[in-house]
Amino acid sequence: MGQTVDPRFCARFGIPREAESVLASIIPLSEQRRIADFEKDLFNAADLRLIGLEADGLYRRGIINYADEGLFQLGSFYTLLDVFVVAEPEKYRIFPQETQAALDNWCFSAYYARLAIDPEERPSGDTVLTREEALQRVQTEDRQAYLANCDCRVLAGGHDDCEKPLRTCISFRSGINTIAHRGVSQPVTKDHAAQVIHDADAAGLIHTANENTICNCCTDCCYLSRARQKRDAALTARPGPFVRWPKVTRRIRTDWDKCAACGLCEERCPFHLFSVAERRVDDNQCIGCSLCVNTCPQKALSLEQE
């Protein structure tokens, strides 16, 4: 089998061992060699043309980033992989499953390492939203909405039991080095974004949002959810309370007199908090996502402000 990896490129670009077996499917060997031979840290489009490379294509694929107006620099493998899985999920999903699992673990570890695990501070501004709150956010947002595939769900493609929809990430960011600016995500209308939220809710996805995005997450694949679980486990092992993350503003309340024991809440709750047979719900662990409330035919469930 011929060479598919240039060691000089791997060293310069910080390619992890987990990616070497499939690197040529992401960056052809000829490009690896040209980039490895390129010595400039900052460069422009004309510099790249001299070595037979086009800035637009490299930028769109996440290989280079804007450093300043008209100037570029090499990106990181973390960004490159993220752009690759969002733009070309079908290519990623033909990688061997052990490779997908290794890349997912590597990427999640890099993501988690960036978080400040402080019991008194949330690592990010993400907040759990109900379906109605997510819809309201879409309608009141002045910025253009962009829609893309969920990078978490593609990366975690080795999780065979997850069949949730992929095209669920809504962003309002379009500046340099974003996937919108790279042309990977597409602008959508408010009505289209609202339909994405409705469909995600029907599929059992949890709505979370920060200043720039609305994510529709599952508990198996989503990095935010997985990081929450890992953070909770680490902080629970320590003495003293800690703030919940993502931010939770509501908690479930059950009127058992109205309950018809249909079991829909047990099916819908992603955290398995309900036991209808025992007429019990572990509401202390509820994040107020409203998935159960939306489908209770007896209106026995409601959300109470935290």
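Taken in order, the sequence shown gives residues 30 to 335; the numbers are from our numbering.
Backbone N, C-alpha and C fix where the C-beta goes; we use that ideal spot for every residue, glycine too.
- Out of Ala266, Arg160 and Ala174, the CA that lies nearest to the CA of Ile208 is found in Ala174.
- Judged by their CB atoms, Cys294 and Val157 are not nearer to each other than the 8 Å cut-off.
- Taken atom to atom, the span from the alpha-carbon of Leu52 to that of Val34 is near 7 Å.
- DSSP places His236 within a strand segment (E or B) once states are collapsed to three.
- Here Arg297 has Gly233, Leu320, Cys321 and Thr324 as same chain residues with Cβ atoms under 7 Å from its own Cβ, once five neighbours each way along the sequence are excluded.
- Excluding sequence positions up to five before and after Gln168, its CB lies within less than 8 Å of the CB of Lys219 and Ala223, all in the same chain and listed in chain order.
- One thing to note: Cys288 has its Cβ no nearer than 8 Å to the Cβ of Ala231.
- Distance from the Cα of Lys120 is smallest, within the candidate group Leu195, Tyr252, Ile55 and Leu264, for Ile55.
- With contacts defined by Cβ atoms closer than 8 Å, Asp155 and Pro275 form a contacting pair.
- When the alpha-carbon of Tyr141 is set against those of Leu164, Gln165 and Tyr252, the nearest one is in Tyr252.
- A direct Cα-Cα distance of roughly 8 Å separates Leu110 from Gly91.
- Residue pairing for Thr242: DSSP places it in a beta bridge opposite Ser200.
- The beta-carbon separation of Asn206 and Asn94, rounded to 5 Å, stays under the 8 Å limit for a contact.
- The C-beta distance from Arg151 to Val272 rounds to 6 Å, short enough to meet the 8 Å contact threshold.
- Beta-bridge pairing by DSSP links Asn94 to Gln102.
- Beta bridge pairing from DSSP links Leu330 with Thr283.
- Contact check for Arg182 and Cys244: beta-carbon distance about 10 Å, past the 8 Å limit, so the pair fails to qualify.
- Every unbroken stretch of the beta strand (DSSP E) spanning 3 or more residues and falling wholly within the segment 136-186 is given here in chain order: 156-158 and 174-177.
- Annotation for Pro216: the continuous beta strand (DSSP E) segment containing it runs Gln215 to Val217.
- Across the set Ile226, Ser200, Arg202 and Phe137, the C-alpha of Ile226 shows the shortest separation from the C-alpha of Ala163.
- In this structure, Arg41 lies near Ala65, with their beta-carbon atoms less than 8 Å apart.
- Collapsing the DSSP output to three states places Phe300 in coil.
- Residue Trp285 holds the alpha-carbon nearest to the alpha-carbon of Val305 among Pro299, Trp285, Asn313 and Cys315.
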